[in-house]
Amino acid sequence: MSDALSIFTEQLYETWLPEFCYAPHRNYSTDGFVNESVSKLSEFDATWFLDAVKSGLVEEKDGFFTAPQSKAKEQIFWEGIKSKSPRPITLWVEPVITIGALARLNKEYGWPIERLGMQSKNWAFDMVGYDSDLEHEVLACEVKKQIKEVDDLLHYMHHYSGLSPLDIEPANAKECNAYRKVKGIRHSWPKVFWALGPDGYGKIFHVARKEDSYFFSLVLVDESALNHGSYL
110 MSDALSIFTE QLYETWLPEF CYAPHRNYST DGFVNESVSK LSEFDATWFL
160 DAVKSGLVEE KDGFFTAPQS KAKEQIFWEG IKSKSPRPIT LWVEPVITIG
210 ALARLNKEYG WPIERLGMQS KNWAFDMVGY DSDLEHEVLA CEVKKQIKEV
260 DDLLHYMHHY SGLSPLDIEP ANAKECNAYR KVKGIRHSWP KVFWALGPDG
310 YGKIFHVARK EDSYFFSLVL VDESALNHGS YL
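For the sequence shown, the working numbering begins at 110 and goes up steadily by one.
Right, dumping it as structure tokens:
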């Protein structure tokens, strides 16, 4: 196990898991934690998550993590079926990636932490970067735990971005999720959309709106589009 994963695992068992399980509104046994679930986390994502915590970019209390521009409280554990005792608890990789991405935007791309938040105001995206007014979402990021999930999301987003808004959302779960991201873009019109997966895998797009219509295209760009200076 790498140094980052070792440190992450140690802190998980010593701090984050007990605080999550023993919080008054939960009162779970830590014995229910599925140890194998940690193996799904990459060294890359563990490193950046640890950076976010160590740097104080997120605050943790009772197993919840919050960022400055966030009303949402993120947890890094998934709660299994209630009927089992002890209740199964697994590591939830997506929020770990999301929290690590905050650190990446802050350290690698120069974003002030006070302009970053987890969960957009309409809950369409996992992470957002705000304009100086702290209202307009200029960067939207959606996180997936698997590379295939990222690619599937983008496949359907490319499709629905060129269609008129639907009266009824798609029945297929993957299509519905992607369509909701398209709706989210049409609501806030960020400049950049970042689809992010595990181990640093991701694709970055300029949101090219067609005049004042609902239609837009996602134009693939390089990582320089994540630089905070691009939004000044």
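Positions of the beta carbon are idealized from the N, C-alpha and C atoms, including for glycine. Since the model is a prediction, treat every value here as computed from it, not as a measurement.
Item: Length of the line joining the Cα atoms of residue 137 and residue 123; Value: 15 Å
Item: Range covered by the alpha helix (DSSP H) that runs through residue 158; Value: 152-163
Item: Distance between residue 125 and residue 271 (C-alpha atoms, nearest Å); Value: 43 Å
Item: Span separating the alpha-carbon of residue 139 from that of residue 185; Value: 14 Å
Item: Span of the beta strand (DSSP E), counted from its first residue to its last, around residue 234; Value: Careful: residue 234 lies outside any beta strand (DSSP E) and carries neither H nor E.
Item: Proximity below 9 Å, CB of residue 204 to CB of residue 183; Value: yes
Item: Cβ separation of residue 251 and residue 290, assumed to be a contact under 8 Å, to the nearest whole Å; Value: 6 Å
Item: Alpha carbon of residue 176 to alpha carbon of residue 247, nearest angstrom; Value: 17 Å
Item: Closest residue to residue 338 among 199, 229 and 240 (Cα-Cα distance); Value: 240
Item: Straight-line Cα distance separating residue 242 from residue 307; Value: 31 Å
Item: Closest by C-alpha distance to residue 224, when choosing among 232, 233, 214 and 231; Value: 214
Item: Given residue 130 as reference, the closest of 173, 276 and 312 once Cα atoms are compared; Value: 173
Item: Member of 327, 256 and 201 whose CA lies at the smallest distance from the CA of residue 144; Value: 201
Item: Counted within 10 angstroms of its Cβ, other Cβ atoms place residue 226 as buried (16 or more) or exposed; Value: buried
Item: Cβ-based burial, residue 195 [other Cβ within 10 Å; buried from 16]; Value: exposed
Item: Pairwise C-alpha distance: residue 178 and residue 333; Value: 23 Å
Item: Cβ separation of residue 284 and residue 310, assumed to be a contact under 8 Å, to the nearest whole Å; Value: So it is not a contact: roughly 21 Å between Cβ atoms.
Item: Close Cβ partners of residue 220 (< 7 Å) along its chain, the five nearest in sequence each way excluded; Value: 214, 238 and 337
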